[in-house]
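K.L.:
To convert a position in the sequence shown, counted from 1, into this note's numbering, add 62.
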Amino acid sequence: MKWAAFALTVSLYLLSSPAWADFAAGAQAYDGGDYETAFVEWTALATSGDAEAQVAIGGLYRFGAGRDPDMVKAAYWYRRAAIQGDIIAQLNLGELYLAGMGVEQDPVEAYMWLSLAAARGNAWATAKRNELSPLLTRDQISRALTRINAWRPGRPGRPGRPGRTGRPDR
Numbered sequence: 063m064k065w066a067a068f069a070l071t072v073s074l075y076l077l078s079s080p081a082w083a084d085f086a087a088g089a090q091a092y093d094g095g096d097y098e099t100a101f102v103e104w105t106a107l108a109t110s111g112d113a114e115a116q117v118a119i120g121g122l123y124r125f126g127a128g129r130d131p132d133m134v135k136a137a138y139w140y141r142r143a144a145i146q147g148d149i150i151a152q153l154n155l156g157e158l159y160l161a162g163m164g165v166e167q168d169p170v171e172a173y174m175w176l177s178l179a180a181a182r183g184n185a186w187a188t189a190k191r192n193e194l195s196p197l198l199t200r201d202q203i204s205r206a207l208t209r210i211n212a213w214r215p216g217r218p219g220r221p222g223r224p225g226r227t228g229r230p231d232r
């Protein structure tokens with residue numbers, strides 16, 4: 063099931079935006095079971111700020127594709143993409159905070175990231191946030207809302223490349 067979820071994430075990226083040659087090469091390697099080549103291709107993009115590649119690297123670490131699972135590294139890469147406004151990264155980071163995987167469990171932080179993704183139409187994030195809401199106190203929801211209202215996306219990925227921020231990168 064974890065592999066299917068990761069494969070679906072990679073497929074959605076390929077279908078939802080123009081695939082750059084390096085990202086597509088990584089996806090092709092991943093689909094062929096060559097996780098090391100995928101890792102190399104995506105890492106080059108991820109370190110240069112490409113949010114799609116950051117999410118893909120996070121997934122390799124999260125699901126242990128070609129390496130031991132490492133939730134701390136998964137959270138690191140998801141956070142880098144989430145800060146840029148990547149909806150999938152925001153969902154994944156929210157899930158990690160909810161479960162305390164790779165980060166200290168923090169339902170307020172989970173609510174914030176899930177809400178940011180939900181506000182932009184991610185149905186899974188909406189469902190997860192709605193499951194979490196009744197478990198939070200009013201104070202926790204208030205703190206999450208304060209963080210949400212103060213949040214602004216950071217540096218976008220590649221110039222001119224439409225991302226999952228809902229607008230073309232500038």
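All residues carry an ideal CB built from backbone N, CA and C; glycine is no exception.
With 16 as the cutoff for other CB atoms within 10 Å, does V170 come out buried or exposed?
P.N.:
It counts as buried.
K.L.:
Am I right that A151 and Q202 are in contact with their C-beta atoms under 8 Å? What's the rounded C-beta distance?
P.N.:
Actually they are not in contact, since the Cβ atoms of A151 and Q202 sit about 23 Å apart, beyond 8 Å.
K.L.:
With distances taken between CB atoms, is the gap from Y140 to D132 smaller than 7 Å?
P.N.:
Against a cut-off of 7 Å, the Cβ pair of D132 and Y140 comes out as no contact.
K.L.:
Taking the C-alpha atoms as reference points, what is the distance between A144 and A87?
P.N.:
Their backbone Cα atoms lie some 23 Å apart in a straight line.
K.L.:
If we ignore side chains and look at the alpha-carbon of each, how far apart do P129 and A161 end up?
P.N.:
Strictly speaking, residue 129 in this sequence is Arg, with Pro absent from that position. Cα to Cα, the separation comes out at about 21 Å.
K.L.:
Mapping the DSSP letters down to three states, classify T208 as helix, strand or coil.
P.N.:
Helix.
K.L.:
May I ask you to report which of helix, strand or coil DSSP gives L307?
P.N.:
What is shown of the chain runs 63 to 232, which leaves residue 307 out entirely.
K.L.:
Among L197, A91 and S177, whose alpha-carbon lies nearest the alpha-carbon of I149?
P.N.:
Per the Cα distances, S177.
K.L.:
In whole angstroms, give me the CA-to-CA distance for L107 and T188.
P.N.:
Rounded to the nearest angstrom, the two C-alpha atoms are 29 Å apart.
K.L.:
What residues in its chain sit with their C-beta under 7 Å from that of R205, if we drop five residues either side in the sequence?
P.N.:
Here the set comprises V170.
K.L.:
State the Cα-Cα distance for the pair V109 and L198, rounded to the nearest angstrom.
P.N.:
Going by the sequence as given, residue 109 is Thr instead of Val. Each residue's Cα considered, the two are about 36 Å apart.
K.L.:
Using CA atoms only, rank isn't needed, just tell me which of G94, G164, Y159 and G147 is closest to A179.
P.N.:
Ranking G94, G164, Y159 and G147 by Cα distance to A179 puts G147 first.
K.L.:
Under three-state DSSP, which class holds N184?
P.N.:
Coil, per DSSP.
K.L.:
State buried or exposed for D112, treating a residue as buried only when at least 16 other CB atoms are found within 10 Å of its CB.
P.N.:
The residue is buried, with at least 16 neighbouring Cβ atoms inside 10 Å.
K.L.:
Could you please give the first and the last residue of the uninterrupted alpha helix (DSSP H) stretch that includes G120?
P.N.:
Start and end: A113 to F125.
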